[in-house]
Amino acid sequence: MERYNRGAGAASAPSAPAAPANPYFTEGNPSLGVPATQPGPWWFHMITEEMRKVITDAGLTPDHTNLTQLSAAIQALITAAIPAGPSDASETVKGIVELATDAEAQAFTADKIIDGAKLNTAFQGANQSLADNGYQKLPGGLIIQWGRVQTTPASGGTALFPITFPNAVFGIVEATRNLNPGVTEVTEIMSLTTSNFGYATGSGDFYYLALGR
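Position 11, counted from 1, in the sequence shown is what the numbering used here calls 37; the numbers after and before it change by one each time, with no gaps.
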């Protein structure tokens, strides 16, 4: 909006009345000698400048061809006054943290919240196999693997781990299943790599537990 569109106008703003009155507008009553209200230049100036101030405070340039500027300005000022939402949280700043999905929990993705249910899920999926020959991956990189090797007595061979240790194997322990009561059965671990181990056994089968990362 602009101050005026056509006709004569003053180069400067009108002066405010020294003692303004506060009656309501009237159309007058000639029979009673009551004249109609004459707003005067200050009233028009006051109303116009109040509306222009809203428009300019919103960062808009008054345009007499745009009849929606006042509405747009009010909406813009309200939007600007609404506080921004909290930022992302950090170790030192409070804020918003997103809950982890099952996949993110199992991948131990950083900056995601893991609740009780997701904590249980985090150890499952590709991080776990609860089969007879299985494994469990733990946070921090530790991997536990176990299994049963079935073979013929007095034999040897190579057994594969359920999965290959990505970096290193720390060690392995075995427990021989004694199929001959009264006879001491022994199983020896002959070699050890991240993917398998060699063995020699006098029994038919044995169990093992291996640690690595």
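Using N, Cα and C, we set each Cβ at its ideal position, and we do this for glycine too.
Asked	Found
Leaving out five residues on either side along the sequence, give the residues of the same chain with a beta carbon under 6 Å from the beta carbon of V123.	A115 and I139
Return helix, strand or coil for I139, following the three-state DSSP convention.	strand
When the distance is taken between beta carbons, is T227 closer than 8 Å to G182?	yes
So the candidates are Q171, T178 and P207; which of them puts its Cα closest to the Cα of P192?	Q171
Between P188 and the rest of its own chain, which residues show a CB-CB distance below 7 Å, the 5 nearest in sequence each way excluded?	S155, N159, G160, Y161, Q171 and G173
In angstroms with no decimal places, state the Cα-to-Cα distance between Q101 and Q150.	50 Å
Is L96 helix, strand or coil when you go by DSSP?	helix
Out of K120, N146, A44 and A133, which has the shortest C-alpha to C-alpha gap to A152?	A133
Would A99 and V80 qualify as a contact pair, given that the criterion is a beta-carbon distance under 8 Å?	yes
Could you please give me the residues that DSSP links to A185 through a beta bridge?	F223
From the DSSP output, in three-state form, read off I108 for me.	coil
Nearest to L93 by alpha carbon, out of T105, M77 and I104?	M77
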